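Student:
Numbering (the working numbering), first residue to last: 271 to 539.
#1: Leaving aside the five residues before and after residue 470 along the sequence, list all residues of the same chain whose C-beta is less than 7 Å from its C-beta, in chain order.
#2: Can you round the beta-carbon distance between residue 509 and residue 520 to whole angstroms, since I take them to be within the 8 Å contact cut?
#3: Can you give the Cα-Cα distance for residue 495 and residue 337, rounded to whole angstroms?
#4: From residue 360 to residue 506, what distance separates their C-alpha atoms?
#5: Straight-line CA distance for residue 538 to residue 522?
#6: For a test of the three-state rule: what should DSSP assign to residue 350, helix, strand or coil?
#7: For residue 357, count neighbouring Cβ atoms within 10 angstroms of its own Cβ and tell me buried if that reaches 16, exposed if not.
#8: Closest by CA to residue 460, which one among 294, 314 and 330?
#9: Where do the ends of the alpha helix (DSSP H) carrying residue 275 lie?
#10: Note down the Cα distance separating residue 397 from residue 480, rounded to an integer number of angstroms.
#11: Assign residue 480 to one of three DSSP states: helix, strand, or coil.
#12: DSSP state of residue 511, grouped into three classes?
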C-alpha cells in the first residue's frame, strides 16, 4: 500500500500517518515471521492479555484518528459550492466515513473476544483496504472538486486558517517533520475522541475539565449524579484516561480555545 497523494498537504500527511498506523498492525506480534504465523494460545496468558490491551489501545487510537480525519474533510466540504455534483459527493463521502466508524466500533468488541494476532490481521486488512479505496474514490475527488467546481478556493491556505481557529488551535509550525507528524497524529486523534462524544457528554466534558464536581455538574445540567457518573465514565473510556489530570493533558488542544472559540461548532455542536 503506497502513500495516497491527493495534492492537499494536510490530507496527504494524514494519509501518511494512517499508513504508519496500519504498518504498526503489520508488526504487531513479535513472534510472527514470514514463514510462520503465531498461535496466540501458545503464548502465556499474561502475554495474551498484554497483546490484547495493546491492540485495544491501537484500535481506539485508529478509530479516533479516523474521526478526526473525517472532521477535517467535512470542514473542507463546507467550502464546496452548493451544486448537485458537490452535494452528491459530500453525501457519499460522509457515508463512507460513517461506515468505517461503525466497522471499527464492531471490531473493538471483537478485539476483546478474539486472539490478538488474528484480530490485528483483520484490523490491518480492513483499515488498509478502506484507506486505499477511500482515497481513490473520495479524497482525490474532493481535492479535484475544490479545484474545478470552486477554483477560487485554495484548500491548503483557506482551510488551514479555518482549522487553526476552530479545530487545531496553536498548531506548531516549526520543528522536524517527524515531530510535526507525531504532533499532528495526536491532535487529529484528540479531536476525533472529542467528536465521538454525544452532545450531552460534551456538556459534561467541559464541566469536568473545568474542575466541577459531579454534584455541581448534576445541578447545573439538571440531571442526576448517577447520569453524570455514567457520562464521566464514558468520557474517560473514550479518551483512554483514568484521571482528570490525564484528561487535561490529552485535551490541552481543546482548552487552548478561549470562551469565544468554544462557541464554534467543535465545542458546542
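All C-beta atoms in this analysis are idealised placements derived from N, C-alpha and C, irrespective of residue type, glycine included. Keep in mind it's a predicted model, so treat the numbers as computed, not measured.
Tutor: Checking against the coordinates, here is how it stands:
#1: 501
#2: 5 Å
#3: 29 Å
#4: 32 Å
#5: Residue placement at residue 538 is flagged as unreliable, the pLDDT there being 34, under the threshold of 50; a coordinate-derived value is accordingly withheld.
#6: coil
#7: exposed
#8: 330
#9: Element bounds for residue 275: n/a, residue is neither H nor E.
#10: 36 Å
#11: coil
#12: coil
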